[in-house]
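Report on one structure; see the data block that follows.
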Amino acid sequence: MEYDFLRIEKKWQDYWAGHKTFKAGIDPSRPKYYVLDMFPYPSGAGLHVGHPLGYIASDIYSRYKRLKGFNVLHPMGYDAFGLPAEQYAIQTGMHPEVTTGRNVARYREQLDRIGFSYDWDREVRTCDPEFYKWTQWAFLKMFGSWYDNAAGKARPIEELVGAFEQGGSSSVDAASDDAPQFTAAEWKDFSEKEKSDILMHYRIAYRGETAVNWCPRLCTVLANDEVKEGVSIRGGYPVVQKKMTQWQLRVSAYAGRLLDGLDGLDWSDSLKEMQRNWIGRSYGAEIVFKAYNGDREYDMTIFTTRPDTVFGVTFMVLAPDSDWVDKLTSAGCRADVDAYLESVRKKTERERISGKAVTGVFSGSYAVNPLTGDKVPVWISEYVLSGYGTGAIMAVPAHDSRDYAFARKFGLPVVPIIEGADVSEESFDAKEGKMTNSGFLDGLDVRDAIPAAVEYVEKNGIGRRKVNYRLRDAIFSRQRYWGEPFPVYYRDGVPYPLPFGELPLRLPEIDEYKPTESGEPPLARAKDWEYEGCPLETATMPGFAGSSAYYLRYMDPHNGEALVGREADGYWRNVDLYIGGAEHATGHLIYSRFWNKFLYDLGYVCEDEPFRRLLNQGMIQGRSNFVYRIKDTNRFVSFGLKDGYDTTEIHVDINLVRNDRLDIEAFRAWRPEYASAEFELENGEYVCGHAIEKMSKSMYNVVNPDSICDTYGADTLRLYEMFLGPVEQSKPWDTKGIDGVHRFLKKVWRMFWDGDEFLVNDEKATPDELKSLHKLIAKEQEDIENFSFNTTVSAFMIAVGELAGCSKREILEPLTILLSPFAPHMAEELWEALGHRESIAYTEYPEYDPAYTAEDNCTYPVSFNGKTRFTVELPKSMDPAGVEAHVRGLEQTARYVGDKNIAKVIVIPGRIVNIVIK
RNA sequence: GCCUUGGUGGUGGAAUGGUAGACACGAGGGACUUAAAAUCCCUUGGGCAGCAAUGCCUGUACGGGUUCGAGUCCCGCCCAAGGCACCA
54 MEYDFLRIEK
64 KWQDYWAGHK
74 TFKAGIDPSR
84 PKYYVLDMFP
94 YPSGAGLHVG
104 HPLGYIASDI
114 YSRYKRLKGF
124 NVLHPMGYDA
134 FGLPAEQYAI
144 QTGMHPEVTT
154 GRNVARYREQ
164 LDRIGFSYDW
174 DREVRTCDPE
184 FYKWTQWAFL
194 KMFGSWYDNA
204 AGKARPIEEL
214 VGAFEQGGSS
224 SVDAASDDAP
234 QFTAAEWKDF
244 SEKEKSDILM
254 HYRIAYRGET
264 AVNWCPRLCT
274 VLANDEVKEG
284 VSIRGGYPVV
294 QKKMTQWQLR
304 VSAYAGRLLD
314 GLDGLDWSDS
324 LKEMQRNWIG
334 RSYGAEIVFK
344 AYNGDREYDM
354 TIFTTRPDTV
364 FGVTFMVLAP
374 DSDWVDKLTS
384 AGCRADVDAY
394 LESVRKKTER
404 ERISGKAVTG
414 VFSGSYAVNP
424 LTGDKVPVWI
434 SEYVLSGYGT
444 GAIMAVPAHD
454 SRDYAFARKF
464 GLPVVPIIEG
474 ADVSEESFDA
484 KEGKMTNSGF
494 LDGLDVRDAI
504 PAAVEYVEKN
514 GIGRRKVNYR
524 LRDAIFSRQR
534 YWGEPFPVYY
544 RDGVPYPLPF
554 GELPLRLPEI
564 DEYKPTESGE
574 PPLARAKDWE
584 YEGCPLETAT
594 MPGFAGSSAY
604 YLRYMDPHNG
614 EALVGREADG
624 YWRNVDLYIG
634 GAEHATGHLI
644 YSRFWNKFLY
654 DLGYVCEDEP
664 FRRLLNQGMI
674 QGRSNFVYRI
684 KDTNRFVSFG
694 LKDGYDTTEI
704 HVDINLVRND
714 RLDIEAFRAW
724 RPEYASAEFE
734 LENGEYVCGH
744 AIEKMSKSMY
754 NVVNPDSICD
764 TYGADTLRLY
774 EMFLGPVEQS
784 KPWDTKGIDG
794 VHRFLKKVWR
804 MFWDGDEFLV
814 NDEKATPDEL
824 KSLHKLIAKE
834 QEDIENFSFN
844 TTVSAFMIAV
854 GELAGCSKRE
864 ILEPLTILLS
874 PFAPHMAEEL
884 WEALGHRESI
894 AYTEYPEYDP
904 AYTAEDNCTY
914 PVSFNGKTRF
924 TVELPKSMDP
934 AGVEAHVRGL
944 EQTARYVGDK
954 NIAKVIVIPG
964 RIVNIVIK
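The opening position of the first sequence corresponds to residue 54 in our numbering, with each subsequent residue numbered one higher.
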């Protein structure tokens, strides 16, 4: 029998599906292991070879863990709400559900061909009402909760109302945004609307006015992680800042826990660091400055991380959109300020970022430095952000580069307060040196001056210690159609939650998917979009809503009573291994952690963190090919000859090229204009140029996994994607090397079959054969746990090389098991040929016996002054020159050790020697 | 500017501080074959010497350091990729 991969792969894919081989269920007798892929957005283009990289790695890991006796949960689904389907709908009028369904079917077909061991009975789609029912449910829970800072957790809103009734607003330490203060008596007198407005400042899902990223082209708001360099990530359209009332999630309440929780996670350092930066904790102080606008005095609170520099304050700055601007603009300066605000408003985010020009205007007010009593001017500038701290700062131009630039531009004084700081050219920002001109701080080192200053302001009631976070609340509304509807209706302008029994609140049918003429979201077009005569919310939820808790739903996907039942949650707990792209570092991976922590607080899930271990797979780039056309002709020169001509580089479809050699006939047939093309060849061949680029249709460099499966088979594809290099690393796809792994699989096959003759016999294996096998077992176990799949594949090649000609059952049975995570179809086929009736997936992993791999060593004496100080064991197989080098090096060590007592000599045969001296 | 990760042959990449370049691709040579495909064998970092077996020198971006010994650890520097970007 030949290695007929097409027949074999089809056969076993059907078998797995028919027997539900990978169906997972709760089984307390076995340890669980949850392996999860970031579920894909099913785009119209289908999968290219880059997409399955992470899926293959997670599948290998899953299959390996099953062999090791774990009850593995390995599900897959689709992140199916999203912009491309909606934009396609706007253009074509086709319902996004239709296109999404079509794309999902295509994805499934492609995924199935690669032979993944998913439990498809657990598939979820975020756009399925039975799924988004639980997204809506979680939203209602957030709407009905507040964050108790004192307890460090979310609690039901009723408990907050109870506290207000008892002791007013000051009786709680709650996460909130500018909530007004009131007494218990006042609370009881508030109207329902007033109470609702106040509670909005505390709810974890709340509606509030804030500066948002508005994308006029997409007619929707976007979260911070959906905007990059001032343009939308989807589509690249300009974004402007705009104040709007939107649904938001109080993610900021969880900032501290999100940051601290990172320490216990087995994630890459770079990803943790990215989240740390995004959350951005800084320790500092809030200090109150009295500010006068001519008629009125205000207490203006600012945040600073350098309270030690208060003596160097020469002016104050307000963010243009801060509430302080209106209060502190004097009548005389009103016109100038308005003009400035207008000029700031007109800029897009992109201009604001790229311009970096120093701009600003004087407000007409002055503030009093609480430590010096000095009167300093209050300015307004866009370099201060309203969303961070209090939207107002104290400016210390001598020791802050941004303040310095501003001071120089507007001729404000620069007063250094650190000894020896030269501020003639630039500010001195470093937190080092001795304080001077700073009253009671004089002579202190900066390190000591910071706490001393904090202590002083606290004691004198002019400020307090404060920790600030960069992390903002997440904007949760999108003015779009293809997303989860909010289970909220409005009566007299007050939002009310829909009763749980009304969920899921299904997306209504509408005749067009565009916003309305008046700029309302598409849902405003729906007929009868109301509940008991009251209008329903017309915005929908953002993409990250559906992906924030999908891993919980996989645990119990058909539960109609709960997102996840107690038993399933208690058994599967959380994701042990999560594989996906690093691009979700500051989006999905923060939102999911937040969402999970919230559900944890309310007791719905038993784990605080959703993803224990995280692996970021790299991107697979495309390898483009080029032909070189001599300008103004239809003549093409081979790569090596092109320098002699004036040529144009043209992308050529990589399917017309093999090993950089162009198939000339296929090229002529590719496009009518090339039918009569002429060629200038090198050694009778046309050699193409190449470059590494992103895989994309327009560069004709997309490699489709289906075509690889057709030519080489899924097992070869799986093996090759792993062999390409470390999973975490980005690397170019190059089909050239695939022959190597395909040859390897054929070699394995030939250990079992010579034509139709089945070679496997029951002869006893030799020690050398057992050594090769057990070396491989040890290597595979170690490598898989470290995700070093590429070296495992190499180890297979070495082992199979060593075992060439060996067809002994004693070797081949375990070898087949070892191979099964990587090349499962072939392994199943061989396993069956060996006489087994059950799938190889639930066989036991062969046990590693170090006795077989023990190196045959020689002992060499290492001496000094003719006295043997210690011995070293080196493998017998080692080159005499290598032995010589080792022993000579160690003699140097012996000389160094001299007559000192040796406490410990660590000798790992043939490798490292470490000597500990008493 | 700040943070993170990396820099090894023609290519993808291996190497617990211990013989750098495993494994594979590509390339060159050979065997089998009428021929091709398939399969198998040999050579392949660079340089030098030798008829040859082989030997010697050099080599992991660059400059220093620690060490008997450094691709690996430390300091500096350059470059690349990714992230953040007025966060006070």
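The beta-carbon is built from N, C-alpha and C at its ideal position, and this holds for glycine as well.
Owing to the predicted nature of the structure, the values given are computational and were not obtained by experimental measurement.
Neighbour-count burial assignment, His637, 16 or more Cβ in a 10 Å radius: It counts as buried.
Own chain residues within Cβ distance below 6 Å of Leu59, not counting five before or after: Residues of the same chain with a CB within less than 6 Å of the CB of Leu59, apart from the 5 flanking positions on each side, do not exist.
Where the beta strand (DSSP E) containing Thr357 begins and where it ends: Start and end: Glu350 to Thr357.
Where the alpha helix (DSSP H) containing His878 begins and where it ends: First-last of the alpha helix (DSSP H) with His878: Pro877 to Ala886.
Residue interval of the beta strand (DSSP E) (run including Arg83): Secondary structure note for Arg83: it is in no beta strand (DSSP E), with a DSSP letter that is neither H nor E.
Length at least 4, wholly inside the segment 638-713: the alpha helix (DSSP H) runs in chain order: Counting whole runs of 4 or more residues, the segment 638-713 contains the alpha helix (DSSP H) stretches 641-654.
Same chain, Cβ closer than 8 Å to Lys861, neighbours up to 5 away in sequence not counted: The answer, listed in chain order, is Val813, Asn814, Asp815, Glu816, Lys817, Ala818 and Glu822.
Assigned secondary structure, Arg890 (DSSP; H/G/I helix, E/B strand, else coil): If DSSP states are grouped into helix, strand and coil, Arg890 belongs with coil.
Proximal residues to Cys741 (C-beta, below 7 Å), its chain only, five neighbours per side dropped: The answer, listed in chain order, is Asn678, Phe679, Val680, Phe692, Val705, Val710, Asp713 and Leu715.
Residue burial classification, Ser851 (beta-carbon count within 10 angstroms, cutoff 16): Per the sequence shown, residue 851 should be read as Ile rather than Ser. Per the 10 Å Cβ criterion, exposed.
Limits of the unbroken beta strand (DSSP E) element including Leu394: Element bounds for Leu394: not the beta strand (DSSP E) but the alpha helix (DSSP H), Arg387 to Lys399.
Environment of His72 [buried if 16+ CB atoms lie within 10 Å]: Residue environment for His72: exposed (fewer than 16 other C-beta atoms within 10 angstroms of its C-beta).
Exposed unless 16 or more other CB atoms sit within 10 angstroms - verdict on Ser305: Ser305 should be labelled buried.
Close-in-space but distant-in-sequence residues of the same chain around Glu735 (CB under 7 Å, 5 per side omitted): Ser691, Gly693 and Leu694, listed in sequence order.
Ala876 and Asp768 closer than 8 Å at C-beta: In contact: Ala876 and Asp768 (Cβ atoms closer than 8 Å).
Integer Cβ distance of Ile471 from Val449, believed to fall under 8 Å: Not quite, the Cβ-Cβ distance comes to about 10 Å (not below 8 Å), so this is no contact.
When Ile61, Val88, Asp67 and His101 are compared against Val755, the one with the closest alpha-carbon: Among Ile61, Val88, Asp67 and His101, the Cα nearest to that of Val755 belongs to His101.
Beta-bridge partners of Ser285, as assigned by DSSP: The secondary-structure analysis by DSSP pairs Ser285 across a beta bridge with Val280.
Close-in-space but distant-in-sequence residues of the same chain around Arg964 (CB under 6 Å, 5 per side omitted): Below a pLDDT of 50, predicted positions are generally treated as unreliable, and Arg964, at 41, falls in that range; the measurement from the model is reported next regardless. Answer for Arg964: no residue qualifies.
Test item: CB-CB of Ser96 and His127 under 8 Å: No.
Selected residue, minimal CA-CA separation from Ile528, among Arg260, Ala228, Met672 and Ala730: Minimum Cα distance to Ile528 is reached at Arg260.
Closest by C-alpha distance to Leu394, when choosing among Thr593, Ile433 and Leu667: Of all alpha-carbon atoms in Thr593, Ile433 and Leu667, the one lying nearest the alpha-carbon of Leu394 is that of Ile433.
Residue environment, Pro469, which counts as buried when at least 16 other CB atoms sit within 10 Å: Buried is the label assigned to Pro469, since at least 16 other Cβ atoms lie within 10 Å of its Cβ.
Assigned secondary structure, Cys762 (DSSP; H/G/I helix, E/B strand, else coil): Helix at Cys762.
Where Arg994 sits in the DSSP three-state scheme: One cannot answer for residue 994 here, as it falls past the ends of the chain, which runs 54 to 971.
Ile791, enclosing alpha helix (DSSP H) - first and last residue: Element bounds for Ile791: Ile791 to Phe805.
DSSP three-state assignment for Ser224, whether helix, strand or coil: Reduced to three states, the DSSP call for Ser224 is helix.
Own chain residues within Cβ distance below 8 Å of Tyr584, not counting five before or after: Within the same chain, and ignoring the five residues on either side of Tyr584 in sequence, the residues whose Cβ sits closer than 8 Å to its Cβ are Tyr542, Leu551 and Glu555.
Residue from Arg578, Val414, Arg116 and Ser439 with nearest C-alpha to Val390: With distances taken between Cα atoms, Val390 lies closest to Val414.
6 Å Cβ shell around Tyr773 - same chain, five flanking residues per side excluded: Closer than 6 Å at Cβ, skipping near neighbours: Ile791 and Val794.
Same chain, Cβ closer than 6 Å to Phe647, neighbours up to 5 away in sequence not counted: Hits under 6 Å: Val304 and Tyr307.
Three CB pairs or more closer than 8 Å across the segment 129-142 and the segment 592-600: Touching, per the Cβ criterion.
Contact under 8 Å by Cβ, Gly537 with Thr591: Correcting the residue type first, residue 537 is Glu in the shown sequence and not Gly. Thr591 is positioned such that its CB atom lies no closer than 8 Å to that of Glu537.
Straight-line Cα distance separating Ala276 from Pro568: Looking at the two C-alpha atoms, the distance is approximately 19 Å.
Selected residue, minimal CA-CA separation from Pro81, among Tyr108, Asp759, Gly122 and Lys63: Residue nearest to Pro81 within the set Tyr108, Asp759, Gly122 and Lys63 is Gly122 (criterion: CA-CA distance).
Proximity winner among Leu89, Ser841 and Phe75, relative to Gly634 (alpha-carbon distances): Per the Cα distances, Leu89.
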